[in-house]
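S.K.: Quick note on numbering: the sequence shown equals residues 89 to 179 in the working numbering.
Glycine included, every Cβ here is placed at the ideal spot set by N, Cα and C.
I am attaching a structure below and will ask some questions about it afterwards.
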Amino acid sequence: MRYGILKKENGFYGKWMNQSLFAVGLLIFGFSLMILMPASMIKSWRELDFRPPAGGAVIMLMRALGLFIIVSGLVILSGIVDITSVMSVNR
89 MRYGILKKEN
99 GFYGKWMNQS
109 LFAVGLLIFG
119 FSLMILMPAS
129 MIKSWRELDF
139 RPPAGGAVIM
149 LMRALGLFII
159 VSGLVILSGI
169 VDITSVMSVN
179 R
C-alpha cells in the first residue's frame, strides 16, 4: 500500500493518518480564525463601545486567512497534495 491506510506498522497506522489529522487540524483552526475569533472581537468592541481604526481590515484579513487555511485543509484531505512532499514526517 502506498499510503498504508489500514496497515498497522509498528503500532502506527501509516502516513495517511498523519495527513488526515493535520488536515482536520487545519480545518478546525481555519474555522476558528474565520468565524469564532472575529465574532469575539466584534462582541468585545461592542461591550467596550470602541472600535479600533483598522478593526475592519484586521477582521477581513483574519477571515481571508481562515478561508485559505480551510481550503488548504480540504486540498490535503482530498489527497491532491501529499504533505510528505512538502515537509518531512519523522516516525
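Measuring straight from C-alpha to C-alpha, what distance separates Ser120 and Ile157?
M.R.: Taking the first residue of the sequence shown as position 1, residue 120 is located at position 32. Taking the first residue of the sequence shown as position 1, residue 157 is located at position 69. Roughly 10 Å between the two C-alpha positions.
S.K.: Return helix, strand or coil for Val112, following the three-state DSSP convention.
M.R.: Reading the sequence shown from its first residue, position 24 is the one you call residue 112. Residue state, collapsed to three classes: helix.
S.K.: Beta-carbon within less than 7 Å of Val163's beta-carbon, same chain only, minus the 5 sequence neighbours each way: which residues are those?
M.R.: Position 75 of the sequence shown, counted from the start, is the residue given in the question as residue 163. Answer for Val163: Val169, listed in chain order.
S.K.: Looking at the structure shown, is Pro140 part of a helix, part of a strand, or coil, going by DSSP?
M.R.: On the sequence shown, position 52 is the one that residue 140 refers to. Coil at Pro140, not helix or strand.
S.K.: Here's the rule: buried if 16 or more other CB atoms are within 10 angstroms of the residue's CB, otherwise exposed. What is Leu114?
M.R.: Along the sequence shown, read from residue 1 onward, the residue named residue 114 stands at position 26. So Leu114 ends up on the buried side.
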